[in-house]
Amino acid sequence: MLLNNVYFRLKPLIPRSIRLGVRRWFVLRKRRQVEDVWPIMPGSECAPNGWPGWPDGKKFALVLTHDVESEGGIENCRQLAELEQRLGFRSSFNFVPEGSYEVPAVLRAWLTDRGFEVGVHDLHHDGQLYSSREEFNRKAERINEVLKEWGAVGFRSGYMLRNLEWLKELDIAYDASTFDTDPFEPQPDGVNTIFPFWDQSSGKRKGHVELPYTMVQDSTLFLLLREKTIQLWKKKLDWVAGHQGMVLLNVHPDYIDFSDSNGSSQRYPIARYRELLDYVLDSYDGSFWHALPREVAAYCATFKPEHSHRASAGRSVIIGNTPKCPSWLAWASLLEAAASR
Ligand SMILES: [Zn+2]
95 MLLNNVYFRL KPLIPRSIRL GVRRWFVLRK RRQVEDVWPI MPGSECAPNG
145 WPGWPDGKKF ALVLTHDVES EGGIENCRQL AELEQRLGFR SSFNFVPEGS
195 YEVPAVLRAW LTDRGFEVGV HDLHHDGQLY SSREEFNRKA ERINEVLKEW
245 GAVGFRSGYM LRNLEWLKEL DIAYDASTFD TDPFEPQPDG VNTIFPFWDQ
295 SSGKRKGHVE LPYTMVQDST LFLLLREKTI QLWKKKLDWV AGHQGMVLLN
345 VHPDYIDFSD SNGSSQRYPI ARYRELLDYV LDSYDGSFWH ALPREVAAYC
395 ATFKPEHSHR ASAGRSVIIG NTPKCPSWLA WASLLEAAAS R
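Going by our numbering, the final residue of the sequence shown carries number 435, and the count climbs one at a time with no gaps.
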């Protein structure tokens, strides 16, 4: 965490051109190193002990989430929601309460009136949320106020940074800052499961459900790896569905190009997301539980599934932020993550 703290304090001083320059080189290098643990982590398909399956006997769960990073993202929220609604989907939109943009109350109401969910995304989105316990506790009080004001029950940290112990200070039903496997994140250790799990509090808080994202983020797929197709999305979705897990995707409205163009280095065509939604409907219609994250959390809170730790620990060390991981690689990882957001 120390490295992260230093980096995020220096980040505003690093020219964007340098951050972007390191991008391609780092991603291609790291992708080769992690191909046996990403996008599929062997062992992560093991269901928790006593797992009862999904409601109504559905084969797998499908959860759509969106982190809104900037003013540009705010401007795209309605179009994105309308597309999903036309196809029969609903999703959650996570907003930064005190970041680089204002969160319009009318937009939140517009979303919730239509059956979408609103969640809290960090507080300032500056990479400093976990810089010290004292600082976190202070910010947690503010986050709890926002949760209450917005009627939200879900949280996700900026840059997927996390400390599950500290997160227990939040009045949440679920956190979504974890992932099964995503070595391209600044804090790259995954939770190695494609199922939700209960994180019990040791203190006064009641505990919460962890909802790891299990699909490759759009920013990683299209902006960092520069994939031109959704083959990786289809492959992972088929794998998670085949093991009856939770397909949880994070798509950023900020990076979507709604025009008919082929996108740019910073935005990808909406047609790719649309293709994924069509693919789910064409391949699995009627066999999955399409739920909002708050609905998955409410379901899991009734039986509190254990975290399944059966994935290979030895493999996860390779991508972890451990002494075996050279510091230059960790720095490159941070540069990479920042360059894409
Ligand atoms: Zn974010």
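Built from N, CA and C at the ideal position, the CB exists for glycine as well. This structure is a prediction, so every number in the text was calculated from the model and none was measured.
Fill in: Neighbourhood of HIS401 by C-beta distance below 8 Å, restricted to the same chain and skipping five residues each side
In the sequence shown, residue 401 corresponds to position 307, counting from 1. Within the same chain, HIS401 has close Cβ partners PRO142, VAL285, THR287, PHE291, TRP292, ASP293 and GLU304.
Fill in: Delimiting residues of the beta strand (DSSP E) encompassing ASP161
Walking along the sequence shown from the start, residue 161 turns up at place 67. 154 to 162 is the extent of the beta strand (DSSP E) around ASP161.
Worksheet item: Counting pairs of beta carbons, one from the stretch 372 to 387 and one from the stretch 328 to 340, are three or more of them closer than 8 Å?
Response: yes
Worksheet item: For ligand 1, is there a heavy atom less than 7 Å away from the beta-carbon of GLU192?
Response: Translated into positions along the sequence shown, residue 192 becomes position 98. Not under cutoff, so the answer is no.
Worksheet item: Measuring CB to CB, does HIS160 end up less than 8 Å from PRO363?
Response: Against the sequence shown, residue 160 aligns to sequence position 66. Against the sequence shown, residue 363 aligns to sequence position 269. No, the Cβ-Cβ distance between HIS160 and PRO363 is not below 8 Å.
Discussion item. Let me check understanding here. Comparing Cα to Cα, which of TYR367, ALA234 and GLU239 lies closest to GLU259?
Written reply: Residue numbering aside, residue 259 sits at position 165 when the sequence shown is read from its first letter. Cα-wise, what sits closest to GLU259 is ALA234.
Practice prompt. Would you identify the three-state DSSP class for ASN344, choosing helix, strand or coil?
Written response: In the sequence shown, the residue the question calls residue 344 occupies position 250. Three-state result, ASN344: strand.
Worksheet item: DSSP on TRP260, reduced to helix/strand/coil?
Response: Residue numbering aside, residue 260 sits at position 166 when the sequence shown is read from its first letter. Looking at TRP260 - three-state DSSP - the assignment turns out to be helix.
Worksheet entry | Buried or exposed (CB count within 10 angstroms, at least 16 for buried), ASP269 | The count along the sequence shown starts at 1 and reaches residue 269 at position 175. ASP269 is buried by the Cβ-count criterion.
Practice prompt. Mind checking which residues open and close the beta strand (DSSP E) that includes VAL212?
Written response: Along the sequence shown, one-based indexing puts residue 212 at 118. 211 to 215 is the extent of the beta strand (DSSP E) around VAL212.
Worksheet item: What is the C-beta distance between SER194 and SER164, in whole angstroms, given that I count them as a contact (C-beta under 8 Å)?
Response: Reading the sequence shown from its first residue, position 100 is the one you call residue 194. Reading the sequence shown from its first residue, position 70 is the one you call residue 164. About 6 Å; that satisfies the 8 Å criterion.
Worksheet entry | Residue nearest to GLU196 in terms of C-alpha spacing, selected from PHE397, GLY166, LEU318 and GLY182 | Taking the first residue of the sequence shown as 1, we reach residue 196 at position 102. The shortest C-alpha separation from GLU196 is found at GLY166.
Worksheet item: Tell me which same chain residues have a C-beta within less than 6 Å of the C-beta of ASN188, skipping the five on either side of it?
Response: Here residue 188 is taken as the residue at index 94 of the sequence shown, counted from 1. Only ASP161, GLY213, HIS215 and ARG250 meet the Cβ criterion.
Discussion item. Distance check for LEU201 and SER271, CA to CA, integer angstroms please.
Written reply: As a position in the sequence shown, residue 271 is number 177, starting the count at 1. As a position in the sequence shown, residue 201 is number 107, starting the count at 1. Approximately 23 Å, taken between the alpha carbons.
Fill in: Nearest-angstrom Cα separation, counted from PHE210 out to ALA45
With the chain represented from 95 up to 435, any question about residue 45 goes unanswered, as that position is not in the structure.
Practice prompt. With a 10 Å radius around its C-beta and 16 neighbouring C-beta atoms as the bar for buried, classify ASP276 as buried or exposed.
Written response: On the sequence shown, residue 276 is found 182 positions in, with the first residue counted as 1. Its Cβ being crowded by 16 or more others within 10 Å, ASP276 is buried.
Worksheet item: What is the C-beta distance between SER381 and LYS153, in whole angstroms, given that I count them as a contact (C-beta under 8 Å)?
Response: Stepping through the sequence shown from its first residue, residue 381 is reached at position 287. Stepping through the sequence shown from its first residue, residue 153 is reached at position 59. Indeed, because the Cβ distance is near 5 Å, the residues count as touching under 8 Å.
Worksheet item: Per DSSP, what kind of secondary structure is ILE266 in: helix, strand or coil?
Response: Reading the sequence shown from its first residue, position 172 is the one you call residue 266. Three-state DSSP puts ILE266 in coil, outside helix and strand.
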